[in-house]
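Visitor:
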Amino acid sequence: MTERLFEIKREISVKTYDIDFAGHVSNIVYLRWMEDLRLAIFDEYFPLVNLMDEGYLPIITESRIQYKKSVDLFDKPVGHMWIARMKAASFDFEGEIIVAGEVTTRAFHTGVFVSSKTMKPVRVPRLIKEKCDELYQAKPSHSCR
Numbered sequence: 337m338t339e340r341l342f343e344i345k346r347e348i349s350v351k352t353y354d355i356d357f358a359g360h361v362s363n364i365v366y367l368r369w370m371e372d373l374r375l376a377i378f379d380e381y382f383p384l385v386n387l388m389d390e391g392y393l394p395i396i397t398e399s400r401i402q403y404k405k406s407v408d409l410f411d412k413p414v415g416h417m418w419i420a421r422m423k424a425a426s427f428d429f430e431g432e433i434i435v436a437g438e439v440t441t442r443a444f445h446t447g448v449f450v451s452s453k454t455m456k457p458v459r460v461p462r463l464i465k466e467k468c469d470e471l472y473q474a475k476p477s478h479s480c481r
């Protein structure tokens with residue numbers, strides 16, 4: 337099992353405009369939900385405005401989604417998102433959509449930060465590493481560095 341750094345959980349509301357011609361949530365909607373969950377991690381643990389003020393811009397470089405079971409209009413999905421791994425200059429997000437206790441969707445995203453001045457990749461910001469140490473340093477397996 338991967339580590340679940342900065343895990344968040346959010347209820348998701350399925351809208352009528354999320355439904356495709358087959359009667360279930362469109363694949364593109366899952367990408368939006370995952371983006372909302374990633375932004376919730378930033379909001380809760382290290383506000384994006386603070387990172388951007390320091391010249392860091394988060395960029396997703398890879399996304400992969402496994403659709404295990406469809407989500408329908410009146411379902412009550414719950415989204416989970418966490419950082420599974422942090423490396424020197426990149427980080428891996430993982431997420432799940434769960435309906436009635438069953439995982440319907442799994443998502444995997446790799447991200448980097450780029451400098452707002454050069455638009456080139458930079459190391460994971462100090463603010464994130466410090467928050468990680470603050471929350472997880474007591475865990476023997478923590479991987480904040």
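In this text, residue positions in the sequence shown follow our numbering: the first is 337, and each later residue adds one. Note that beta-carbon positions come from the ideal geometry of N, C-alpha and C, so glycine has one too.
Between residue 337 and the rest of its own chain, which residues show a CB-CB distance below 6 angstroms, the 5 nearest in sequence each way excluded?
Guide: Only weak support is given to the placement of residue 337: the predicted model assigns it a pLDDT of 48, under 50, and the value that follows is read from those uncertain coordinates. Taken in chain order, the list of residues that qualify is empty.
Visitor: For the alpha helix (DSSP H) containing residue 376, name the first residue and the last one.
Guide: Start and end: 363–381.
Visitor: Quick one: what's got a C-beta closer than 6 angstroms to residue 470's C-beta in the same chain, skipping five residues either side?
Guide: Nothing listed; no residue qualifies.
Visitor: Secondary structure at residue 337, three-state DSSP: helix, strand or coil?
Guide: Its pLDDT being 48, under 50, residue 337 is placed unreliably by the model, and the measurement read from it follows with that caveat. Coil at residue 337, not helix or strand.
Visitor: When the Cα atoms are used, what is the spatial distance from residue 461 to residue 468?
Guide: Roughly 11 angstroms separates the two Cα atoms.
Visitor: Once you ignore the five residues that flank residue 381 on each side, which residues in its own chain have a CB closer than 7 angstroms to its CB?
Guide: Contacts found: 342, 467.
Visitor: If you measure between the beta carbons of residue 411 and residue 421, is that distance less than 8 angstroms?
Guide: Cβ atoms of residue 411 and residue 421: not closer than 8 angstroms.
Visitor: Going along the chain, which residues of its own chain have a beta-carbon closer than 6 angstroms to the beta-carbon of residue 365, five neighbours each way excluded?
Guide: If we look at residue 365 and ignore the five residues flanking it on each side, its Cβ neighbours are 354.
Visitor: What three-state label does DSSP hand residue 387 in the structure shown?
Guide: Helix, per DSSP.
Visitor: Thinking just about the alpha-carbon of each residue, which of 438, 392, 445 is nearest to the one in residue 371?
Guide: Per the Cα distances, 445.
Visitor: Can you tell me whether residue 449 is buried or exposed, with buried defined as 16 or more other CB within 10 angstroms of its CB?
Guide: So residue 449 ends up on the buried side.
Visitor: Reducing DSSP to helix, strand and coil, say where residue 348 ends up.
Guide: The answer is coil: DSSP assigns residue 348 none of H, G, I, E or B.
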